[in-house]
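Right, one structure below, let's go through it.
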Amino acid sequence: MTKVLVDGTASGPLMVLSEPLSFWGGVDPATGTIIDRSHPAVGVSVAGMVLYMPYGRGSSSSASVIAETIRNGAGPLGFILGEPDEIVVTGVFVANALYGTRVPVMVTDLPDDTDKPVFLDASGARSVAAE
Amino acid sequence: MLLSAEDRNMFDGGRGDGVAFAMGLVVKLAEVSGASTLVDISGAHIDGCLYHGESGIDYVEHLVNGGARVAVPTTLNVSSLDLLHPDLYRGTNETAAAAKQLMDLHVALGCEPTWTCAPYQLPVRPGRGEQVAWGESNAIVFANSVLGARTNRYGDFADLACAITGRAPFSGLHTDAGRAATVVVALDIDTKWLDHELIFPLLGHWIGLKCGNGIPVIVGLDERVGEDNLKALGAAAASSGATAMFHAVGVTPEAATLDDATRGREVPVLRVTGSDLIAIRESLGFARARLGAVSVGTPHMSIAEMTRLAEMVLGTETAVPFYVNTSRSVYGDVSPEVRRALDGFGVTVVTDTCTYITPILGEVDGAVMTNSAKWAYYAPGNLGVEVAFGSLAECVGSAAAGRVELDDHFLS
Chain A
13 MTKVLVDGTA SGPLMVLSEP LSFWGGVDPA TGTIIDRSHP AVGVSVAGMV
63 LYMPYGRGSS SSASVIAETI RNGAGPLGFI LGEPDEIVVT GVFVANALYG
113 TRVPVMVTDL PDDTDKPVFL DASGARSVAA E
Chain B
232 MLLSAEDRNM FDGGRGDGVA FAMGLVVKLA EVSGASTLVD ISGAHIDGCL
282 YHGESGIDYV EHLVNGGARV AVPTTLNVSS LDLLHPDLYR GTNETAAAAK
332 QLMDLHVALG CEPTWTCAPY QLPVRPGRGE QVAWGESNAI VFANSVLGAR
382 TNRYGDFADL ACAITGRAPF SGLHTDAGRA ATVVVALDID TKWLDHELIF
432 PLLGHWIGLK CGNGIPVIVG LDERVGEDNL KALGAAAASS GATAMFHAVG
482 VTPEAATLDD ATRGREVPVL RVTGSDLIAI RESLGFARAR LGAVSVGTPH
532 MSIAEMTRLA EMVLGTETAV PFYVNTSRSV YGDVSPEVRR ALDGFGVTVV
582 TDTCTYITPI LGEVDGAVMT NSAKWAYYAP GNLGVEVAFG SLAECVGSAA
632 AGRVELDDHF LS
């Protein structure tokens with residue numbers, strides 16, 4: 013079952029975060045690099061990824077930082093969430109409206125093979141062959 | 232979803248492109264939260280005036296150019312600049328100019344230039360049952376818990392969209408059912424410690440860690456806890472966790488009894504002891520290192536706190552930079568005696584912003600001491616500083632001594 017929070021499509025490598033990530037204070041909006049020193053994925057970049065988070069976390073300023081990261085072309089190509097998150101939706105909705113992007117936000121199941129790139133749309137997340 | 236005729240008119244552009252854009256976001260958030268209708272709000276508090284990058288300016292400019300204005304009285308959170316003391320800012324001119332532009336754009340929408348994270352300390356504040364849309368996590372938890380006003384956690388962009396439309400998704404903390412406590416927090420300490428201010432940020436930090444986005448009801452506080460302590464508790468809980476509301480039996484307005492807070496439901500019970508709070512104190516920063524600076528007033532200090540600080544510092548002088556964050560409203564209202572005492576001690580007053588979100592401290596030689604669990608939580612990541620956490624009295628004593636001095640007998 014897929015719940016479309018923000019419509020759109022994305023295709024790219026899947027990045028699965030076991031811990032939720034606060035974009036404010038947690039991601040460098042210029043590069044997409046995770047800078048939260050307490051996060052297991054610190055040092056990795058979310059840029060160009062289809063990003064999975066179990067749920068959202070942290071500051072209400074995260075919506076701004078998500079929009080700023082997308083504006084800089086350093087954001088995820090799409091979001092897969094374990095449960096709806098209004099902060100993520102807000103940041104992506106505004107960025108899509110202002111910058112003409114079509115970054116999707118979906119609540120849906122992960123594909124069985126999380127090592128393969130995925131295609132994400134309103135019907136869910138499907139593994140695709142690596143390029 | 233059931234939209235009123237005027238909601239539909241706003242959505243369809245009948246009141247201009249800016250309002251339509253704002254209503255589009257409000258409706259989107261209503262869909263996500265499962266709200267079946269929108270509710271009128273009587274006020275808003277906006278967190279988006281803190282500069283995070285060009286997108287913030289693009290958003291507000293889009294609204295201004297689309298002819299939008301706020302539809303309800305709207306206050307503004309801290310920004311990146313202290314307009315009353317501009318020399319304190321150590322960032323680049325370019326960032327300062329962008330931050331100022333973002334501030335000006337919010338004022339152009341009709342927002343009041345209050346520049347404070349503690350809008351509940353302004354002369355006018357919402358009352359019990361009043362529907363509002365507030366941003367800024369500590370303000371949200373204070374509005375719901377202490378004032379009994381009703382707001383969900385509105386993030387950047389969303390708070391302003393509600394202010395412009397005068398509407399909010401009717402869900403969660405806006406509704407009766409959404410305000411019921413989901414977990415009991417039983418405070419198990421000797422009640423003599425309830426006179427000690429440090430209990431409250433520590434308890435708040437513990438609650439944030441343990442209760443996530445649930446609604447705790449605290450059992451074990453009494454009427455001795457004042458608004459400033461509840462402010463410290465809520466700010467801490469909203470930083471370490473996603474607390475948007477708490478109850479305290481016999482203290483907060485919707486918790487005359489435990490049953491009132493839980494609405495008669497059975498909920499799990501968590502017990503918190505003195506040793507839990509000591510562990511939190513140590514995790515927040517127990518550095519006995521060299522003291523480099525002190526920063527208090529996160530959230531912004533109230534008049535009562537400024538007055539208490541002035542009494543503590545009489546006749547002494549700080550050996551390190553000592554920053555007090557407060558609002559221009561509070562600072563304008565403190566007495567000349569309080570100002571003289573703070574000046575005599577060597578305080579640097581910061582208004583309109585806060586030392587943990589903008590470059591004010593500069594290079595610090597040693598740990599920074601604070602009485603704020605929120606500051607202690609965010610500053611290491613934001614500023615790269617080491618933190619010592621203590622009560623206001625410990626901060627003053629340490630500042631005068633020039634080294635971190637903590638009370639070893641706390642909770643023992």
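From first to last, the protein sequence lines stand for chains A and B.
For the working numbering, add 12 to where a residue sits in the first sequence, where the first one is 1.
For the working numbering, add 231 to where a residue sits in the second sequence, where the first one is 1.
For each residue, glycine too, the CB sits at the ideal point set by N, CA and C.
Quick caveat, the model's predicted, so the values are computed rather than measured.
Buried or exposed: which applies to residue i, given that a residue is buried once 16 or more other Cβ atoms fall within 10 Å of its Cβ?
i                 : result
lysine 423(B)     : exposed
asparagine 296(B) : exposed
proline 400(B)    : buried
glutamate 81(A)   : The residue you asked about is not glutamate; residue 81(A) is threonine in the sequence shown. Its Cβ being crowded by 16 or more others within 10 Å, threonine 81(A) is buried.
threonine 126(A)  : exposed
glycine 528(B)    : buried
threonine 27(A)   : The identity of residue 27(A) in the sequence shown is methionine, whereas the question assumes threonine. By the 10 Å Cβ count, methionine 27(A) comes out buried.
serine 526(B)     : buried
threonine 488(B)  : exposed
aspartate 583(B)  : buried
leucine 508(B)    : buried
Straight-line CA distance for residue i to residue j?
i                 : j                    : result
asparagine 308(B) : aspartate 124(A)     : 44 angstroms
leucine 319(B)    : alanine 236(B)       : 50 angstroms
threonine 493(B)  : alanine 411(B)       : 5 angstroms
serine 76(A)      : serine 643(B)        : 44 angstroms
glutamate 454(B)  : leucine 260(B)       : 38 angstroms
valine 599(B)     : glycine 523(B)       : 6 angstroms
aspartate 238(B)  : valine 119(A)        : 27 angstroms
serine 622(B)     : proline 432(B)       : 10 angstroms
glycine 644(B)    : isoleucine 288(B)    : Residue 644(B) cannot be examined here, being either before or after the span of chain B that is shown, 232 to 643.
glycine 597(B)    : glutamate 617(B)     : 7 angstroms
cysteine 585(B)   : leucine 315(B)       : 13 angstroms
proline 350(B)    : proline 66(A)        : 33 angstroms
lysine 605(B)     : tyrosine 587(B)      : 9 angstroms
valine 257(B)     : asparagine 444(B)    : 22 angstroms
alanine 275(B)    : glutamine 362(B)     : 9 angstroms
proline 447(B)    : tyrosine 385(B)      : 20 angstroms
asparagine 383(B) : phenylalanine 553(B) : 35 angstroms
serine 139(A)     : arginine 519(B)      : 53 angstroms
glycine 465(B)    : isoleucine 511(B)    : 15 angstroms
valine 415(B)     : threonine 504(B)     : 14 angstroms
Kindly indicate if chain A contains any beta-carbon less than 8 angstroms away from that of residue i.
i                    : result
leucine 489(B)       : no
tyrosine 587(B)      : no
glycine 445(B)       : no
glycine 287(B)       : yes
lysine 259(B)        : yes
asparagine 276(B)    : For the sequence presented, residue 276(B) should be read as histidine rather than asparagine. For histidine 276(B), the answer is no, since every Cβ of chain A falls outside 8 angstroms of its Cβ.
histidine 293(B)     : yes
phenylalanine 689(B) : Any answer about residue 689(B) is impossible in this case: the structure gives chain B only from 232 up to 643.
glutamate 325(B)     : no
serine 368(B)        : yes
Going by the beta-carbon positions, is the gap between residue i and residue j smaller than 8 angstroms?
i                 : j                : result
aspartate 490(B)  : serine 72(A)     : no
valine 62(A)      : alanine 107(A)   : no
glycine 44(A)     : proline 129(A)   : no
glycine 366(B)    : glycine 279(B)   : yes
alanine 59(A)     : alanine 86(A)    : yes
glycine 451(B)    : valine 303(B)    : no
methionine 532(B) : valine 569(B)    : no
histidine 436(B)  : leucine 515(B)   : yes
serine 311(B)     : alanine 339(B)   : no
valine 555(B)     : valine 581(B)    : yes
isoleucine 47(A)  : valine 39(A)     : yes
valine 372(B)     : threonine 268(B) : no
methionine 476(B) : leucine 418(B)   : no
alanine 631(B)    : glutamate 548(B) : yes
Can you tell which of the options has its C-alpha closest to the C-alpha of residue i?
i                 : options                                    : result
asparagine 324(B) : His531(B), Pro590(B), Ala610(B)            : Pro590(B)
leucine 440(B)    : Ser471(B), Gly465(B), Leu319(B), Asp453(B) : Ser471(B)
glycine 612(B)    : Val18(A), Met27(A), Ser34(A)               : Ser34(A)
alanine 389(B)    : Lys15(A), Tyr64(A), Asn84(A), Gly103(A)    : Gly103(A)
asparagine 602(B) : Val363(B), Thr345(B), Glu428(B)            : Glu428(B)
valine 482(B)     : Ile449(B), Val416(B), Ala604(B)            : Ile449(B)
valine 16(A)      : Thr413(B), Ser264(B), Asp248(B), Ala253(B) : Ser264(B)
cysteine 442(B)   : Val270(B), Ala468(B), Ala339(B)            : Ala468(B)
leucine 378(B)    : Leu592(B), Ala394(B), Val355(B)            : Val355(B)
serine 74(A)      : Arg300(B), His283(B), Tyr290(B)            : His283(B)
Answer with yes or no whether the minimum CB distance from residue i to chain B is below 8 angstroms.
i                   : result
proline 116(A)      : no
isoleucine 99(A)    : yes
arginine 138(A)     : no
threonine 5(A)      : What is shown of chain A runs 13 to 143, which leaves residue 5(A) out entirely.
phenylalanine 91(A) : no
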